[in-house]
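One structure is given below, encoded as structure tokens.
Number of protein chains: 2
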Amino acid sequence: MKTLIVYAHPEPRSLNGSLKDLAVATLEKAGHQVRVSDLYAMNWKAVADAADFGPSASSPLNVGADSGRAFDTGTLTPDIVAEQEKLLWADVVIFQFPLWWYTMPAILKGWVDRVFTAHFAHGIGEFSDVKYGDRFGEGTLAGRRALLSVTVGGPESHYAERGINGPIDDVLFPINHGILYFPGMEVLPPFVVHGAGRITDEDYSVIAKAWEQRLLTLESTEPIAFRPQNLGDYEMPSLTLKKGLEPEGRTGFGLHVR
Amino acid sequence: MKTLIVYAHPEPRSLNGSLKDLAVATLEKAGHQVRVSDLYAMNWKAVADAADFGPSASSPLNVGADSGRAFDTGTLTPDIVAEQEKLLWADVVIFQFPLWWYTMPAILKGWVDRVFTAHFAHGIGEFSDVKYGDRFGEGTLAGRRALLSVTVGGPESHYAERGINGPIDDVLFPINHGILYFPGMEVLPPFVVHGAGRITDEDYSVIAKAWEQRLLTLESTEPIAFRPQNLGDYEMPSLTLKKGLEPEGRTGFGLHVR
Numbered sequence: 366m367k368t369l370i371v372y373a374h375p376e377p378r379s380l381n382g383s384l385k386d387l388a389v390a391t392l393e394k395a396g397h398q399v400r401v402s403d404l405y406a407m408n409w410k411a412v413a414d415a416a417d418f419g420p421s422a423s424s425p426l427n428v429g430a431d432s433g434r435a436f437d438t439g440t441l442t443p444d445i446v447a448e449q450e451k452l453l454w455a456d457v458v459i460f461q462f463p464l465w466w467y468t469m470p471a472i473l474k475g476w477v478d479r480v481f482t483a484h485f486a487h488g489i490g491e492f493s494d495v496k497y498g499d500r501f502g503e504g505t506l507a508g509r510r511a512l513l514s515v516t517v518g519g520p521e522s523h524y525a526e527r528g529i530n531g532p533i534d535d536v537l538f539p540i541n542h543g544i545l546y547f548p549g550m551e552v553l554p555p556f557v558v559h560g561a562g563r564i565t566d567e568d569y570s571v572i573a574k575a576w577e578q579r580l581l582t583l584e585s586t587e588p589i590a591f592r593p594q595n596l597g598d599y600e601m602p603s604l605t606l607k608k609g610l611e612p613e614g615r616t617g618f619g620l621h622v623r
Numbered sequence: 366m367k368t369l370i371v372y373a374h375p376e377p378r379s380l381n382g383s384l385k386d387l388a389v390a391t392l393e394k395a396g397h398q399v400r401v402s403d404l405y406a407m408n409w410k411a412v413a414d415a416a417d418f419g420p421s422a423s424s425p426l427n428v429g430a431d432s433g434r435a436f437d438t439g440t441l442t443p444d445i446v447a448e449q450e451k452l453l454w455a456d457v458v459i460f461q462f463p464l465w466w467y468t469m470p471a472i473l474k475g476w477v478d479r480v481f482t483a484h485f486a487h488g489i490g491e492f493s494d495v496k497y498g499d500r501f502g503e504g505t506l507a508g509r510r511a512l513l514s515v516t517v518g519g520p521e522s523h524y525a526e527r528g529i530n531g532p533i534d535d536v537l538f539p540i541n542h543g544i545l546y547f548p549g550m551e552v553l554p555p556f557v558v559h560g561a562g563r564i565t566d567e568d569y570s571v572i573a574k575a576w577e578q579r580l581l582t583l584e585s586t587e588p589i590a591f592r593p594q595n596l597g598d599y600e601m602p603s604l605t606l607k608k609g610l611e612p613e614g615r616t617g618f619g620l621h622v623r
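Taken in order, these protein sequences are the chains called F and S. Position 76, counted from 1, in the first sequence is what our numbering calls 441; the numbers after and before it change by one each time, with no gaps. Position 244, counted from 1, in the second sequence is what our numbering calls 609; the numbers after and before it change by one each time, with no gaps.
Pasting the structure below:
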């Protein structure tokens, strides 16, 4: 198995750094190949702009169209091309990051903004009244698995079904569904560590065991049952969920899980 | 009225640029003071790291604790201090940005990550078994209003109650509730333009009229009725919504709107 770890934390001696190191050691010991994109160590450029597209940048700039043309003509910058190649190489992609303000740190969002160009991650397939692209279950990254490993400051109850921040599955839905499932990856249930600022050594042993367990079962874990866009669950062209398919008592993001 | 516009788009001649320019003109013509943080033009540093905290950076780095100490001792970098001062100056804060991958562009996330330091935007008040800080309705930015003005590529139906991306109010909840209401701002219903890549001149006239209307009613528009954390709606210390308060048939993020 080939695993890419995309890691976003400024401090190597952090909980996130430890979980990343443990993932590398555990996977390699089990005989898997591992590559790491350590975004802070790489000094990753977080901000998408005209420079990303080389001679394909138009004036006025059109990020969507220009990124697609740069992808097609091979004029994306080498740092973006390298990340796209890592994604194509990988069977599994793990994202290790702290939840900052209910989503990923800017450096990781900038990895998504810049690497997930048109014609690589979106804008693929037919767009018409009967089809709206190959997305949500289909796309360039189909056949791969993805997993979020996230540290969270607040306690678990704040992210429970009735918790003040909203359910953790809803908080992570725009990433799991909107960023990872969108270009075709199967998404595994997240590995979440709560109370990240108050972890004792004993806590860490328990967390490390649970994390190893998840890492050694990446190939057998059941993915989140997001609904494929193009297999009959949605009305066209509105892309609204067909009547009668909603799980009882569920609304919002939860409608899109079978 | 004093209005701060935080604007994040790389192309001045974009729809986002036009909406920002229209906001400045409309508000100034109505006699209001306006300041703009044009993040791309400012070459805003998007990535939070030790350099933000000057001599308050500890080793190993602890972003939460170090940012709070840097805030307390006045060692935050001048770019962060300037943005905090603009927020304190403002009565209303407008965020103008394109929805990229279901959330804000990295440069704007990096503005949040770096400007919303501990002791300014979080980590304020008592943390105990009976209280968990002054947050969600209370905090440094209480008394101010916030408004997202967002351009979205997909059509409105994809973001409807049963739309494949989830309802737009849920997509924006982590920003409206988790970033803006958290430090105390009242949050107005968002101004959303769908189909942003296919706007004709006639479309734009209609959009511009609607936007002017919103801009001229910023002070009278009813905010989203998010539930204050500390006024009795939540169990302590779990911060879960008390039984019986849930609006009928609503689950997930929707529970936290009265």
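Think of the CB as a built atom: it goes at the ideal place given N, C-alpha and C, for glycine as much as any other residue.
- Message: So, under 8 Å CB-CB, Ala413/S and Pro375/F are touching, yes? Tell me the CB distance rounded to an integer number of Å.
- Response: 7 Å
- Query: With 16 other CB atoms within 10 Å as the buried threshold, where does Asp417/S fall?
  - Reply: buried
- Item | Rounded separation between Leu387/S and Leu392/F - CA only | 54 Å
- Message: Counting only Cβ pairs nearer than 7 Å, list the residues of chain F close to Asn530/S.
- Response: Gly543
- Query: Are Phe460/F and Leu513/F closer than 7 Å when you measure CB to CB?
  - Reply: yes
- State yes or no: is the beta carbon of Glu567/F nearer than 7 Å to at least one beta carbon in chain S? no
- How do the region 492-510 of chain F and the region 538-550 of chain F stand: do at least 3 beta-carbon pairs fall below 8 Å, yes or no? yes
- Lys574/F versus Arg563/F, Phe556/F, Tyr599/F and Ala373/F, residue with shortest Cα-Cα distance: Phe556/F
- Query: Hey, Thr605/F and Arg579/S: beta-carbon distance below 7 Å or not?
  - Reply: no
- Query: At which residues does the beta strand (DSSP E) containing Tyr569/S begin and terminate?
  - Reply: From DSSP, Tyr569/S is part of no beta strand (DSSP E) but of the alpha helix (DSSP H) over Asp566 to Leu580.
- Query: Taking the continuous alpha helix (DSSP H) assigned at Thr438/S, which residues delimit it?
  - Reply: Val428 to Thr438
- As assigned by DSSP and simplified to three states, the class of His484/S: coil
- Query: How about Asp494/F: is its C-beta nearer than 7 Å to some C-beta of chain S?
  - Reply: no
- Assumed close pair Val458/F, Leu452/F - CB separation to whole angstroms, cut-off 8 Å: 7 Å
- Query: Who are Leu513/F's beta bridge partners in DSSP?
  - Reply: Phe460/F
- Taking only runs that begin and end inside the region 370-447 of chain F, name each unbroken beta strand (DSSP E) of 3 or more residues, in chain order. 398-403
- Which whole-angstrom value is the C-beta distance of Ser421/F and Thr440/F, which I expect to be below 8 Å? 5 Å
- Leaving out five residues before and five after Ile472/F in sequence, what residues of the same chain have Cβ atoms less than 6 Å from its Cβ? Ala373, Leu404, Trp409 and Ala411
- Identify the continuous alpha helix (DSSP H) that holds Phe538/F and give its terminal residues. Ile533 to Ile540
- Classify Trp465/F as helix, strand or coil using the three-state DSSP reduction. strand
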